[in-house]
Amino acid sequence: MSLGPYAPFIVTSYLAAALVAALLIGWIAIDYRNQKRRLRELEESGVVRRSGRSATEP
Amino acid sequence: MTLIDLANPTGFRSLTARLLPFLAAATTILLLVGLYLSACAPDDYQQGATVKIMFIHVPNAWLSMFVWAVMTTTALGTLVWRHPLADVAAKTAAPIGASFTFLALVTGSLWGRPMWGAYWEWDARLTSVLILLLMYLGLIALWRAVEDPSRAARAAAVLTLAGAINLPIIKFSVDWWNTLHQPASVLRIGGPTLDRAFLVPLLVMASGFTLLFVTLHVAAMRTEILRRRVRALQMMQAQGVSGEIGAAPRASQPA
């Protein structure tokens with residue numbers, strides 16, 4: 003596969019898409035882990051849902 | 030699981046826990062196949078190899094509008110039915126939609142430089158998509174500025190509905206004005222004008238990016254439900270503390 007004289011433009015486009023997708027995935031994964039940790043900390047400090055169920059369970 | 034269970038955030042979380050691995054796997058497979066087909070696609074007789082940028086640019090441009098259309102539907106859910114998941118869906122879709130719009134603009138510029146001789150032109154299509162990006166950023170700022178999620182949801186829903194007017198402007202800008210941007214070549218009356226050699230990789234990549242949006246959106250919604258649960262528990266904790274002290278004012282009821 004030869005990209006010719008415009009290779010830098012083509013490669014940068016694909017790298018930009020990969021970078022943005024990776025950032026989105028990373029941000030969502032880290033955010034999810036943070037929220038789960040905060041819920042666990044709250045439960046451990048004795049705060050529970052009105053239903054009595056664990057807040058971390060689905 | 031019935032449809033009613035899906036309306037419940039707890040039921041939704043339980044469903045997504047089972048669904049997400051399959052969505053992630055399907056997205057990965059589709060994007061890998063799309064990348065392979067894009068790499069194997071022949072050069073265009075006019076654009077040369079830069080036609081490969083189209084396999085990234087066009088799906089992102091479509092999704093930039095599709096995500097706003099999804100948010101418009103959820104805005105109706107917030108304002109008319111006050112559905113508990115509607116504003117969760119709208120809030121979590123905005124950053125993903127903004128990312129797709131940003132990518133559409135960046136990849137469009139990278140294609141424009143070798144083909145048009147310029148990274149940017151104040152063309153009707155480019156300008157209306159830039160406005161879309163600014164509207165996404167405005168919505169994200171609004172969600173962050175208002176602390177109460179239900180108040181933020183109503184304000185954001187109104188802004189989303191008003192912003193939906195930009196969608197037909199983007200779509201038909203190439204027909205209404207004399208623009209540098211080429212007219213529609215896939216979603217048009219009379220069928221696509223693209224050759225099969227370009228159409229197939231483009232549609233596979235578009236399906237892959239659409240699945241990527243669905244996967245990321247579902248995952249972000251699951252996180253947002255947790256965030257609201259954290260907020261509710263923190264408010265319960267604050268109420269408990271204020272009740273014990275007996276002097277602090279009561280916090281408002283948790284969401």
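Residue numbers (our numbering), protein chains in the order written: chain A, 3 to 60; chain B, 30 to 284.
Note that CB positions come from ideal geometry on N, CA and C, so glycine has one too.
### Task
Tell me the start and end of each unbroken alpha helix (DSSP H) in the segment 156–235 of chain B that is at least 4 residues and wholly inside, in chain order.
Runs found: 178–192, 195–205.
### Query
Can you give, in chain order, each stretch of the alpha helix (DSSP H) that sits fully within the segment 49–127 of chain B and has at least 4 residues?
Within the segment 49–127 of chain B, the complete alpha helix (DSSP H) runs of at least 4 residues are 80–105.
#### Entry: Contact list for THR252 (chain B) against chain A, beta-carbon separation under 8 Å
The residue given as residue 252 (chain B) occupies position 223 in the second sequence. The contacting residues are ILE30, ASP33, TYR34, GLN37.
### Task
Check whether the Cβ of ARG40 (chain A) lies closer than 8 Å to any Cβ atom in chain B.
Here residue 40 (chain A) refers to the residue found at position 38 of the first sequence. ARG40 (chain A) counts as touching chain B.
### Query
Using 8 Å as the limit for Cβ to Cβ distance, is LEU17 (chain A) near chain B?
Along the first sequence, one-based indexing puts residue 17 (chain A) at 15. Chain B, which has no Cβ nearer than 8 Å to the Cβ of LEU17 (chain A), makes this no.
#### Entry: Cβ distance (whole Å) where LEU240 (chain B) is taken to contact ALA55 (chain B) below 8 Å
Walking along the second sequence from the start, residue 240 (chain B) turns up at place 211. Walking along the second sequence from the start, residue 55 (chain B) turns up at place 26. At roughly 6 Å, the Cβ-Cβ gap stays under 8 Å, so LEU240 (chain B) and ALA55 (chain B) are in contact.
### Query
Ordered along the chain, which non-local residues of its own chain (more than five positions away) have a Cβ less than 6 Å from that of PRO143 (chain B)?
One-based indexing of the second sequence puts residue 143 (chain B) at position 114. In chain order, THR79 place their CB closer than 6 Å to the CB of PRO143 (chain B), counting only its own chain and leaving out the 5 sequence neighbours on each side.
#### Entry: Limits of the alpha helix (DSSP H) - the one that ALA71 (chain A) falls within
Any answer about residue 71 (chain A) is impossible in this case: the structure gives chain A only from 3 up to 60.
### Query
So, are the CB atoms of LEU139 (chain B) and PHE11 (chain A) less than 8 Å apart?
Here residue 139 (chain B) is taken as the residue at index 110 of the second sequence, counted from 1. Here residue 11 (chain A) is taken as the residue at index 9 of the first sequence, counted from 1. With respect to PHE11 (chain A), LEU139 (chain B) sits close: the two C-beta atoms are nearer than 8 Å.
### Classification of PHE51 (chain B) by the beta-carbon crowding that lies within 10 angstroms, buried from 16 upward
Here residue 51 (chain B) is taken as the residue at index 22 of the second sequence, counted from 1. Exposed is the label assigned to PHE51 (chain B), since fewer than 16 other Cβ atoms lie within 10 Å of its Cβ.
### Query
Since LEU106 (chain B) and ALA115 (chain B) are thought to touch, with beta carbons under 8 Å apart, how far apart are those beta carbons, to the nearest angstrom?
Working through the second sequence from its first residue, we reach residue 106 (chain B) at position 77. Working through the second sequence from its first residue, we reach residue 115 (chain B) at position 86. Sequence inspection shows Gly at residue 106 (chain B); the Leu mentioned does not correspond to that position. About 3 Å separates the two Cβ atoms, so the contact holds.
### Task
Could you work out which residues of chain A lie near VAL117 (chain B), taking near to mean beta carbons separated by less than 9 Å?
What you label residue 117 (chain B) is simply residue 88 of the second sequence in a count that begins at 1. None at all; the shortest Cβ gap to chain A is about 13 Å.
### Task
With DSSP as the reference, label TRP151 (chain B) as helix, strand or coil.
The residue you call residue 151 (chain B) lines up with position 122 of the second sequence. When secondary structure is reduced to three states using DSSP, TRP151 (chain B) falls in the coil class, being assigned neither helix nor strand.
### Query
Where does ALA241 (chain B) fall in DSSP's three states?
Along the second sequence, read from residue 1 onward, the residue named residue 241 (chain B) stands at position 212. Looking at the sequence itself, residue 241 (chain B) is Leu, so the reference to Ala does not match. Look at LEU241 (chain B) here: in three-state DSSP terms it is helix.
### Message
Under 8 Å, with one C-beta from each stretch per pair, do the segment 20–40 of chain A and the segment 243–259 of chain B reach the 3-pair mark?
### Response
Because the criterion of three Cβ pairs below 8 Å is met, the segment 20–40 of chain A and the segment 243–259 of chain B touch.
### Message
I'd like to know if ALA23 (chain A) contacts chain B, where contact means its C-beta is closer than 8 Å to some C-beta of that chain.
### Response
Here residue 23 (chain A) corresponds to residue number 21 of the first sequence, with the count starting at 1. Among the CB atoms of chain B, one or more fall inside 8 Å of the CB of ALA23 (chain A).
### Message
Taking only three categories from DSSP, how would you classify SER4 (chain A)?
### Response
Residue numbering aside, residue 4 (chain A) sits at position 2 when the first sequence is read from its first letter. In the three-state scheme derived from DSSP, where H, G and I count as helix and E and B as strand, SER4 (chain A) is classed as coil.
### Message
Can you give me the C-alpha to C-alpha distance between VAL109 (chain B) and THR189 (chain B), rounded to a whole angstrom?
### Response
Along the second sequence, one-based indexing puts residue 109 (chain B) at 80. Along the second sequence, one-based indexing puts residue 189 (chain B) at 160. In a straight line, the C-alpha of VAL109 (chain B) is about 14 Å away from that of THR189 (chain B).
### Task
Name, please, each residue of chain A whose Cβ falls closer than 7 Å to the Cβ of GLY77 (chain B).
Here residue 77 (chain B) corresponds to residue number 48 of the second sequence, with the count starting at 1. Ordered by position in chain A, the residues that pass the 7 Å Cβ test against GLY77 (chain B) are GLY6, TYR8.
### Query
Helix, strand or coil: which one does DSSP assign to GLY141 (chain B)?
Taking the first residue of the second sequence as 1, we reach residue 141 (chain B) at position 112. In this structure, GLY141 (chain B) counts as helix in the three-state DSSP scheme.
### Task
Would you tell me roughly how many angstroms separate the C-alpha atoms of ALA280 (chain B) and MET264 (chain B), rounded to the nearest one?
To locate residue 280 (chain B), count along the second sequence from 1; it is residue 251. To locate residue 264 (chain B), count along the second sequence from 1; it is residue 235. The predicted model places ALA280 (chain B) with a pLDDT of 44, which falls under 50 and marks its position as unreliable, so this point remains unresolved.
### Message
I need the straight-line Cα distance from LEU166 (chain B) to LEU228 (chain B), nearest angstrom please.
### Response
Locating residue 166 (chain B) in the second sequence gives position 137, where the first residue counts as 1. Locating residue 228 (chain B) in the second sequence gives position 199, where the first residue counts as 1. Looking at the two C-alpha atoms, the distance is approximately 32 Å.
### Task
Count the other C-beta atoms from every protein chain shown that fall within 10 angstroms of the C-beta of ALA284 (chain B), then say buried if there are 16 or more, exposed otherwise.
By one-based count along the second sequence, residue 284 (chain B) stands at place 255. Caution applies to ALA284 (chain B), whose pLDDT of 41 falls short of 50 and renders its modelled position unreliable; the value that the coordinates give is listed next. It counts as exposed.
### Message
According to DSSP, is ALA284 (chain B) part of a helix, a strand, or is it coil?
### Response
Residue numbering aside, residue 284 (chain B) sits at position 255 when the second sequence is read from its first letter. Bear in mind that the predicted position of ALA284 (chain B) carries a pLDDT of just 41, short of 50, making it too unreliable to give a figure here.
### Among B:HIS86, B:PRO71, B:LEU48, the one whose alpha carbon lies nearest that of LEU17 (chain A)
Here residue 17 (chain A) refers to the residue found at position 15 of the first sequence. Nearest C-alpha to LEU17 (chain A): B:HIS86.
### Under 8 Å between C-beta atoms of THR103 (chain B) and HIS246 (chain B)
Working through the second sequence from its first residue, we reach residue 103 (chain B) at position 74. Working through the second sequence from its first residue, we reach residue 246 (chain B) at position 217. Result no, Cβ atoms of THR103 (chain B) and HIS246 (chain B) do not sit closer than 8 Å.
### Message
What does the alpha-carbon distance come out to for the pair GLY269 (chain B) and PRO113 (chain B)?
### Response
As a first step, residue 269 (chain B) is located in the second sequence; it is residue number 240 there, counting from the start. As a first step, residue 113 (chain B) is located in the second sequence; it is residue number 84 there, counting from the start. Taking the CA atoms as reference points, GLY269 (chain B) sits about 26 Å from PRO113 (chain B).
### Task
Can you tell me which of B:LEU262, B:PRO124, B:PHE131, B:ASP224 puts its alpha carbon nearest to the alpha carbon of PRO88 (chain B)?
Here residue 88 (chain B) is taken as the residue at index 59 of the second sequence, counted from 1. Nearest option by C-alpha distance: B:PHE131.
### Task
List the residues of chain A that GLN263 (chain B) touches, going by C-beta distances under 9 Å, in chain order.
If you number the second sequence from 1, residue 263 (chain B) lands on position 234. Neighbours of GLN263 (chain B) on chain A, chain order: ARG40, LEU44, VAL49.
### Query
Exposed or buried, which one is LEU216 (chain B) when buried takes at least 16 other CB atoms within 10 Å?
Translated into the one-based positions of the second sequence, residue 216 (chain B) becomes position 187. Answer is exposed; the Cβ neighbour count stays below 16.
### Message
Quick check: is the beta carbon of LEU223 (chain B) nearer than 8 Å to any beta carbon in chain A?
### Response
Working through the second sequence from its first residue, we reach residue 223 (chain B) at position 194. Any Cβ of chain A closer than 8 Å to the Cβ of LEU223 (chain B) would place that residue at the interface, and such an atom is absent.
#### Entry: Rounded C-alpha distance that separates ASP73 (chain B) from GLU45 (chain A)
Position 44 of the second sequence, counted from the first residue, corresponds to residue 73 (chain B). Position 43 of the first sequence, counted from the first residue, corresponds to residue 45 (chain A). So the two alpha carbons sit approximately 60 Å from each other.
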